[in-house]
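Asks: One gets this note's numbering by counting positions in the sequence shown from 1 and adding 111 to each.
To start, I am sharing the structure in question, which I have written as structure tokens.
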Amino acid sequence: MKSYFSTNRVLAWTIAAVAIATIFFACKKEVTTDTAGANENDNNTLLVASHETQINAIYGDMFTSMAIIAKSQGQVNTGRQASFTEDYANQLACPSVIISSTDVNVWPKRISVDYGDACKDNFGVTRSGKLIIYMSGRLFTPNARIGIHTENYKYNGIPVSGKDSIYDITLDLTSGVQYTTEITGGKVSYGDSLIVGYNSKKTVKQVQGIGSPTPDDDTYNITGSASLSYEKGGPAGSATIATLSPLLKAAACAWISQGQLKVEFNSISAVIDYGNGVCDNKATIVVNSDKVKEISLK
């Protein structure tokens, strides 16, 4: 079956609420009082932190797109569906979606999402190429496994490859939703001169809004780790990223509002602090415990 739909994203829906730290940040101000060599090392660590959040955002967008596609094709567990308000208000002629079977008794399913040469959504994001989705069951069905693969896929002109696997899904009225999302073989190419390899594994666990009929009051904790390396260009070395304290993401807030990530790169450590629970677009990066950068989340 073939259909066309808009890829508008809805923050009020569960998936958009747990897009897994998909925050791109821009630097606002920084303190630079150390020697040039120390500054270079610190700036490299800040560069790594920036790339981690950018790349995380790209793969998080793939996850969100998959969820909206699954919703549009009726492939979401009815226990975790919400009413849409504006997400399909402005229909686009892309992407083209082909599902192998709409029969509820036929599994697994393959969903091909073809963005063509350029498919721009109502939020200004342009995608091209294909996402191929394999589902062993409806999204948020306990024990279902979902795989998202790329074919010549680009996000705002940036080539992206790799696989996102969603598994260990649980759902009940006592503990809410929990699942694991894992990026393997990730690669993001910023032109011919900079290629970044990326892998991550995160657990998303619902901590508020359990049992409510809609996800508007849901809150999620996000924990996990990631690794980043420069396959071409960029500073030499590889980085590890891990949660120091769980990231808090509420459906009612567009940003992560609490929690800390630790970034380690070539013996330099940095901490990304998302705040104390207040819903705003501010966070700070502290490098080697003494150099502070304030950032704005976008």
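From the three backbone atoms N, C-alpha and C, an ideal C-beta is built for every residue, glycine too.
What's the call for Ile-396, buried or exposed, on a 16-neighbour Cβ count within 10 Å?
Replies: Buried, since its Cβ has 16 or more Cβ neighbours within 10 Å.
Asks: For Pro-324, count the other beta carbons within 10 Å of its own beta carbon; 16 or more makes it buried, fewer makes it exposed. Which is it?
Replies: So Pro-324 ends up on the exposed side.
Asks: Apply the 10 Å Cβ neighbour rule to Leu-339 and answer buried if 16 or more other Cβ atoms are within range, or exposed otherwise.
Replies: So Leu-339 ends up on the buried side.
Asks: Please classify Phe-174: is it buried, with 16 or more other beta-carbons within 10 angstroms of its beta-carbon, or exposed?
Replies: Classification of Phe-174: buried, given that the 10 Å Cβ count is 16 or more.
Asks: Going by C-alpha distance, which of Ser-304, Gly-302 and Tyr-341 is nearest Asn-310?
Replies: When each option's Cα is compared against that of Asn-310, the closest is Tyr-341.
Asks: Which complete beta strand (DSSP E) runs does the segment 263 to 328 hold, if anything under 3 residues is left out?
Replies: Whole beta strand (DSSP E) segments, 3+ residues: 269 to 283, 287 to 300 and 306 to 319.
Asks: Using beta-carbon positions only, say whether Asn-188 and Arg-256 come within less than 7 Å of one another.
Replies: Taking 7 Å as the Cβ cut-off, Asn-188 and Arg-256 do not qualify as a contacting pair.
Asks: Considering only the alpha carbon of each residue, which of Phe-251, Tyr-264 and Gly-296 lies closest to Gly-273?
Replies: For Gly-273, the nearest C-alpha among the options comes from Gly-296.
Asks: Using alpha carbons as the reference points, say which of Tyr-385, Gly-344 and Glu-262 lies closest to Lys-69.
Replies: Since the first and last residues shown for the chain are 112 and 409, residue 69 lies out of range.
Asks: Output needed for Ala-229: all residues of its chain with C-beta closer than 7 Å, excluding positions within five of it in sequence on either side, in chain order.
Replies: Closer than 7 Å at the Cβ level, and outside the excluded window around Ala-229, lie Thr-237 and Ser-239.
Asks: As a quick exercise: from Ser-300, Thr-285, Ile-306 and Lys-313, pick the residue whose alpha carbon is nearest that of Glu-293.
Replies: Taking only the C-alpha atoms, the option nearest Glu-293 is Lys-313.
Asks: Looking at the strands, I want to know which residues DSSP matches up with Thr-395.
Replies: Looking at the DSSP assignment, Thr-395 forms a beta bridge with Asp-384 and Glu-405.
Asks: Residues in its own chain within less than 6 Å of Glu-163 by CB, not counting five upstream and five downstream?
Replies: Answer for Glu-163: Leu-339 and Ile-352, listed in chain order.
Asks: Taking C-beta to C-beta, are Ser-368 and Gly-388 nearer than 7 Å?
Replies: In this structure, Gly-388 lies closer than 7 Å to Ser-368 by Cβ.
Asks: Between Tyr-278, Cys-205, Cys-390 and Thr-261, which lies nearest to Leu-358 when the distance is taken from Cα to Cα?
Replies: The shortest C-alpha separation from Leu-358 is found at Cys-390.
Asks: Identify whether Thr-354 lies in helix, strand or coil by the three-state DSSP scheme.
Replies: Residue state, collapsed to three classes: strand.
Asks: Would you kindly work out how many angstroms separate the C-alpha atoms of Ile-379 and Ser-336, rounded to a whole number?
Replies: The straight-line gap from Cα to Cα measures roughly 17 Å.
Asks: Ordered along the chain, which non-local residues of its own chain (more than five positions away) have a Cβ less than 6 Å from that of Pro-346?
Replies: Excluding sequence neighbours, Pro-346 sits near Asn-155.
Asks: What are the boundary residues of the beta strand (DSSP E) that Leu-372 is part of?
Replies: Its beta strand (DSSP E) spans residues 367 to 376.
Asks: Determine whether the beta carbon atoms of Ala-362 and Pro-326 lie at a separation below 7 Å.
Replies: Cβ distance < 7 Å, so Ala-362 and Pro-326 count as in contact.
Asks: State the start and end residues of the unbroken beta strand (DSSP E) segment that holds Arg-238.
Replies: Counting along the chain, the beta strand (DSSP E) containing Arg-238 begins and ends at 237 to 246.
Asks: Is Gly-227 helix, strand or coil by DSSP?
Replies: DSSP places Gly-227 in coil when its eight states are reduced to three.
Asks: Taking C-alpha atoms, which residue in Ser-286, Ile-269 and Ile-321 lies nearest to Lys-298?
Replies: For the residues Ser-286, Ile-269 and Ile-321, the minimum Cα distance to Lys-298 belongs to Ile-269.
Asks: For Ala-363, does the three-state DSSP call read helix, strand or coil?
Replies: Ala-363 falls in the coil class under three-state DSSP.
Asks: Rounded to the nearest angstrom, how far is the Cβ of Ile-169 from that of Val-271, given a contact under 8 Å?
Replies: About 6 Å; that satisfies the 8 Å criterion.
Asks: Going by beta-carbon coordinates alone, are Ile-306 and Lys-265 separated by less than 7 Å?
Replies: No, the pair does not count as a contact, with Cβ atoms beyond the cut-off.
Asks: Alpha carbon to alpha carbon, how far is Ile-259 from Ser-400? Give it in angstroms, no decimals.
Replies: Looking at the two C-alpha atoms, the distance is approximately 38 Å.
Asks: Considering only the alpha carbon of each residue, which of Val-288, Gly-302, Ser-176 and Asp-329 lies closest to Lys-231?
Replies: The shortest Cα separation from Lys-231 among Val-288, Gly-302, Ser-176 and Asp-329 belongs to Ser-176.
Asks: Excluding the 5 residues flanking Phe-376 on each side, which residues of the same chain have their C-beta closer than 7 Å to its C-beta?
Replies: Only Asn-155, Thr-156, Val-159, Gly-348 and Ala-350 meet the Cβ criterion.
Asks: Using CA coordinates, which residue listed in Lys-402, Ser-223 and Asp-172 is at the minimum distance from Ile-209?
Replies: Comparing Cα positions, the closest option is Ser-223.
Asks: Between Gly-322 and Asp-328, how many whole angstroms is the CB-CB distance? I'm expecting something under 8 Å.
Replies: Their Cβ separation, rounded to whole angstroms, is 10 Å, which puts Gly-322 and Asp-328 out of contact at 8 Å.
Asks: Could you check if Gly-370 is buried or exposed, using at least 16 other CB atoms within 10 Å of its CB as the buried criterion?
Replies: Flag for Gly-370 reads buried.
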